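Q: Here the protein sequences come in this chain order: U and A. Quick note: the first sequence, position 165, residue 164 per numbering that gives the first Met the number 0, numbers continuous. Quick note: the second sequence, position 79, residue 78 per numbering that gives the first Met the number 0, numbers continuous. Note that CB positions come from ideal geometry on N, CA and C, so glycine has one too. If you're wondering where the values come from, they're calculated on a predicted model, not measured in any experiment.
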Amino acid sequence: MARILLLLPTRTYRAPDLLEAAHRLGVSITVASEESNVLESRNPSGYLTLDFDDREGACRKVLEFSKKYPLDAILGVDDSTVVAAAAISSALSLPSNSVKAVEISRDKLLMRDCLRSAWVPVPGFVDFSLQDDPVAVSAIIRYPCVLKPTMLSASQGVIRADGPKAFVRAWKRISAIIKATRSVPVILVETFIPGMEVALEGLLENGRLKVLSLFDKPDPLDGPYFEETIYLRPSRLPKNIQNEIISCVEKAVKALGLERGPVHAEVRVNQNGPYIIEVAARPIGGRCSKTLRFGLGISLEEVILRQALGQKLNSNWIKPDPFPSGVMMIPTPRAGTLSKVLGLDKAREVAGIVEILITAHPGQKLIPLPEGSRYLGFIFARAQTPAGVEAALRRAHRLLKIEIQPAAAKSERLVLAACKQ
Amino acid sequence: MESEIKITAHADAHRPDTCKLEVSVPLYADRAAFFADKEKAKHSPLAEKLFAIKSVGAVKISGSSVTITKHGDEAWRSVNGKVAGAILEFLKSGQPAVSKDYVSNELSPDQLRVKVQEIFDSEINPAVADHGGVVTLLNVKDNNIYLRMGGGCQGCGMADVTLRQGIETAIRKSLPQVNQILDVTDHASGGNPYYAPSKK
Chain U
0 MARILLLLPT RTYRAPDLLE AAHRLGVSIT VASEESNVLE SRNPSGYLTL DFDDREGACR
60 KVLEFSKKYP LDAILGVDDS TVVAAAAISS ALSLPSNSVK AVEISRDKLL MRDCLRSAWV
120 PVPGFVDFSL QDDPVAVSAI IRYPCVLKPT MLSASQGVIR ADGPKAFVRA WKRISAIIKA
180 TRSVPVILVE TFIPGMEVAL EGLLENGRLK VLSLFDKPDP LDGPYFEETI YLRPSRLPKN
240 IQNEIISCVE KAVKALGLER GPVHAEVRVN QNGPYIIEVA ARPIGGRCSK TLRFGLGISL
300 EEVILRQALG QKLNSNWIKP DPFPSGVMMI PTPRAGTLSK VLGLDKAREV AGIVEILITA
360 HPGQKLIPLP EGSRYLGFIF ARAQTPAGVE AALRRAHRLL KIEIQPAAAK SERLVLAACK
420 Q
Chain A
0 MESEIKITAH ADAHRPDTCK LEVSVPLYAD RAAFFADKEK AKHSPLAEKL FAIKSVGAVK
60 ISGSSVTITK HGDEAWRSVN GKVAGAILEF LKSGQPAVSK DYVSNELSPD QLRVKVQEIF
120 DSEINPAVAD HGGVVTLLNV KDNNIYLRMG GGCQGCGMAD VTLRQGIETA IRKSLPQVNQ
180 ILDVTDHASG GNPYYAPSKK
């Protein structure tokens, strides 16, 4: 029986969907996490503890493990594990993206550099060290601009500034986030690109992009923070614009050198065409993949695992669900402590709602963007039209009453963010 | 005229080496019997017939179903065809599915419950307690185990990994006759999960 090593950080949202997909496929699984599972000693083939940041150590440990339990594929499914997965695959001579390509895609600055060199449209950008003087920098920047850390995900620490004062405020806030998360001490400053945003979910096979879905993000992402809420598929953009977006992502993955596995791209579009904001060598984040179903109801995770095992992509597997669908990542309305979420039963009764998952727990400290790094939960819907999906998501969300105890002081919020990383 | 007998195969999402065949007539009414190998199947006519099939590694007969655990690379389609043939042949014979010896030795639901509780008490709970967790056995019915995860396990990002890779493995190793292991926890209400999920 084939065995897959899943690199699953302990705080992942994805364990249930991946384990389910692996079991459906009839493969044995080893779960590697950065902390040991309390039952690891009772199932030595089923668990492994790996430091994802210590690539050499992780490779050594997996090589040793694979002598006893041979591995057929290694899969890293989020930003914190994709580079380690590529390195371990390379050490075991298993097919994967090159480590260099994945490293570039993980770092927003390296990615921008690489794409600009290949004439792929990206926002204009410049990078600064945390040691630089924000007041001096603010005087030479063109506005509006967007400041962001280079290595964080899901819009954490991404802030728009429309003038020097806002720039300095944003800089200080991002500095605190970078220090709290021990991230790379670099701030990327880029031109704000007006327009709408879309997300492309795809699979790469021998460098060729197969588009699994193009999502519209109907809520405007104009800042000052960039909290993602609704993803809707299929896209309502005209076909020619969709084709331009796909072509732009194809150029981007080629420039980055990504060749196989899942790819998630975020693209800004306006009258000048598409601009790549991000191309990541991983699938869509959170629990959002639940909104995608292919062929005979198979999940995105199953498609990804099949490809990782070297199975040829059958067009029936990746044939998209004919019904429009969508997901809302439930926004965190304000800082505080979650007491409870009321109205779930009524929200679930809304026509078109498939499922509502509340992933934050009672008593959890809620920290909104730009400091926060957690979703409150997810609402999933299907309907006859994308407009119907969007209406169902918004109606269900309106019916939820999220009770939050008042927030701590701002400085304490930042400390909380640091503790939870 | 003989009534038509229908046999339907259902793959087990959580155990890829296992397949359950539902039969439209009772085989071993209201009871379950598990045979870990050919030796244990001696004098149990249906189990003996099934072990005559090369890929069959273990057999469970429960009510009107047969669950096969296979070994080797033979495809399920081929194995299931042979299993269905053996079941039909057995039904024509009019013999009992399970021997009297087996019946006198099998675990009752209460005995199975005690065994599962022993595993929870001696292996699972001392381990999950390190993370403030607790796993409670709620019920044993038709060889299905119903459990609830509490404390640090409730709502934990690794709850599924602990359940499938740890708890399930421990139970099946000692009690292979167990059918499904069902977690009925309301994970959304977990007030203090050990690992709370975060973005991407």
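Would you please verify whether the beta carbon of T191(A) is less than 8 angstroms from any beta carbon of chain U?
A: According to the sequence displayed, residue 191(A) carries Asn and not Thr. Judged by the 8 angstroms Cβ criterion, N191(A) is in contact with chain U.
Q: Where does the unbroken alpha helix (DSSP H) through F62(U) begin, and where does it stop?
A: It is worth fixing the name first, because residue 62(U) is Leu in this sequence and not Phe. From DSSP, the alpha helix (DSSP H) with L62(U) extends over 54 to 67.
Q: Which two residues bound the contiguous alpha helix (DSSP H) that contains P385(U)?
A: Start and end: 385 to 398.
Q: Grouping DSSP H, G and I as helix and E and B as strand, with all else coil, what is T17(A)?
A: In this structure, T17(A) counts as strand in the three-state DSSP scheme.
Q: Quick check on this structure: which residue in I403(U), L187(U), S65(U), P8(U) has the alpha carbon closest to the alpha carbon of P367(U)?
A: P367(U) has its Cα closest to that of I403(U), out of I403(U), L187(U), S65(U), P8(U).
Q: Just to confirm, are G156(U) and P369(U) a CB contact at a threshold of 8 angstroms?
A: The answer is yes: Cβ separation under 8 angstroms.
Q: Give the straight-line distance between the Cα atoms of M44(A) and R286(U), rounded to the nearest whole angstrom.
A: The amino acid occupying residue 44(A) in the given sequence is Pro; Met does not appear at that position. Going from the Cα of P44(A) to the Cα of R286(U) covers about 48 angstroms.
Q: On the DSSP letters alone, give me the boundaries of the beta strand (DSSP E) that I245(U) sits inside.
A: Looking at the DSSP string, I245(U) is not in any beta strand (DSSP E); the run it does join, the alpha helix (DSSP H), is 238 to 255.
Q: Just by C-beta distance, which residues in the segment 148 to 161 of chain A are closer than 9 angstroms to chain U?
A: Correct list: Q153, G154, C155, G156, M157, A158, D159, V160, T161.
Q: Can you tell me which of the three DSSP states E411(U) falls into?
A: Its pLDDT being 49, under 50, E411(U) is placed unreliably in this model, and the value from its coordinates should be taken loosely. Three-state DSSP puts E411(U) in a helix.
Q: Can you tell me the Cα-Cα spacing of G80(A) and K250(U), whole angstroms?
A: Going from the Cα of G80(A) to the Cα of K250(U) covers about 50 angstroms.
Q: Can you tell me where the alpha helix (DSSP H) with S372(U) in it begins and where it stops?
A: Run containing S372(U): none; DSSP gives neither H nor E here.
Q: Can you find the residues in the same chain that come closer than 6 angstroms, C-beta to C-beta, to I158(U), ignoring five residues on each side of it along the sequence?
A: Same-chain partners within the cutoff: L146, A169, P223, P369.
Q: Confirm, please, whether the CB-CB distance from V278(U) to M110(U) is below 8 angstroms.
A: Yes.
Q: Confirm, please, whether the CB-CB distance from E39(U) to T9(U) is below 8 angstroms.
A: Taking 8 angstroms as the Cβ cut-off, T9(U) and E39(U) do not qualify as a contacting pair.
Q: Tell me the rounded alpha-carbon separation between T168(A) and E63(U).
A: For T168(A) and E63(U), the distance between alpha carbons rounds to 23 angstroms.
Q: Could you check whether the Cβ of V160(A) sits closer than 7 angstroms to any heavy atom belonging to the ligand FMN?
A: Only the bare structure without any ligand can be found here, which leaves the ligand FMN out of the picture.
Q: Answer with yes or no whether the minimum CB distance from Q164(A) to chain U is below 8 angstroms.
A: Interface residue, yes.
Q: My understanding is that K216(U) touches A198(U), with C-beta atoms under 8 angstroms, so please give their C-beta distance in whole angstroms.
A: Indeed, because the Cβ distance is near 7 angstroms, the residues count as touching under 8 angstroms.
Q: In or out: I474(U) buried (at least 16 other Cβ within 10 Å) or exposed?
A: In the structure as shown, chain U starts at 0 and stops at 420, and residue 474(U) therefore has no counterpart that could be examined.
Q: Got a sec: which bits of the segment 302 to 325 of chain U sit with their beta carbon under 8 angstroms from any beta carbon on chain A, in order along the chain?
A: From the segment 302 to 325 of chain U, no residue has a Cβ closer than 8 angstroms to chain A.
Q: Give the list of continuous beta strand (DSSP E) stretches no shorter than 3 residues that lie fully inside the segment 102 to 154 of chain A.
A: 132 to 140, 143 to 150, all fully within the segment 102 to 154 of chain A.
Q: Could you check where the alpha helix (DSSP H) with S89(U) kicks off and where it finishes?
A: Looking at the DSSP string, the run of the alpha helix (DSSP H) that includes S89(U) is 81 to 90.
Q: Going by CA-CA distance only, name the one from L356(U), L47(U), R259(U), I139(U) that's closest to T190(U).
A: Nearest of L356(U), L47(U), R259(U), I139(U) to T190(U), Cα basis: I139(U).
Q: In this structure, does DSSP put I317(U) in helix, strand or coil?
A: Three-state result, I317(U): coil.
Q: Kindly indicate which residue of V183(A), K37(A), G84(A), G62(A) has the alpha-carbon position closest to the one of L137(A).
A: Here the closest residue by C-alpha is V183(A).
Q: Identify the contact partners of G362(U) in chain A, using a Cβ-Cβ distance below 7 angstroms as the criterion.
A: Ordered by position in chain A, the residues that pass the 7 angstroms Cβ test against G362(U) are G190, N191.
Q: Suppose you measure from the CA of N191(A) to the CA of S61(A); what does that come to, to the nearest Å?
A: Going by the C-alpha atoms only, they are around 39 angstroms apart.
Q: Along chain A, in chain order, which residues have C-beta atoms closer than 8 angstroms to that of R373(U)?
A: Neighbours of R373(U) on chain A, chain order: A195, P196, S197, K198.
Q: Using a C-beta to C-beta distance shorter than 7 angstroms, which residues of chain U count as neighbours of A126(A)?
A: Those are V37, L38, listed as they occur along chain U.
Q: Whole angstroms is fine: what's the gap from V252(U)'s alpha carbon to P193(U)'s?
A: V252(U) and P193(U): Cα-Cα distance of roughly 23 angstroms.
Q: Report the residues of the segment 44 to 58 of chain U with a CB closer than 8 angstroms to any CB of chain A, ordered along the chain.
A: Cβ contacts with chain A: G45, Y46.
Q: Would you say Y68(U) lies against chain A (beta-carbon separation less than 8 angstroms)?
A: No, its Cβ sits nowhere closer than 8 angstroms to a Cβ of chain A.
Q: Relative to the C-alpha of E196(U), which residue among L47(U), S372(U), K345(U), L220(U) is closest?
A: Of the listed residues, the one whose Cα sits closest to E196(U) is L220(U).
Q: To the nearest angstrom, how far is the alpha carbon of K140(A) from that of E105(A)?
A: For K140(A) and E105(A), the distance between alpha carbons rounds to 15 angstroms.
Q: Residue range of the alpha helix (DSSP H) that N269(U) falls in?
A: Element bounds for N269(U): not the alpha helix (DSSP H) but the beta strand (DSSP E), 260 to 269.
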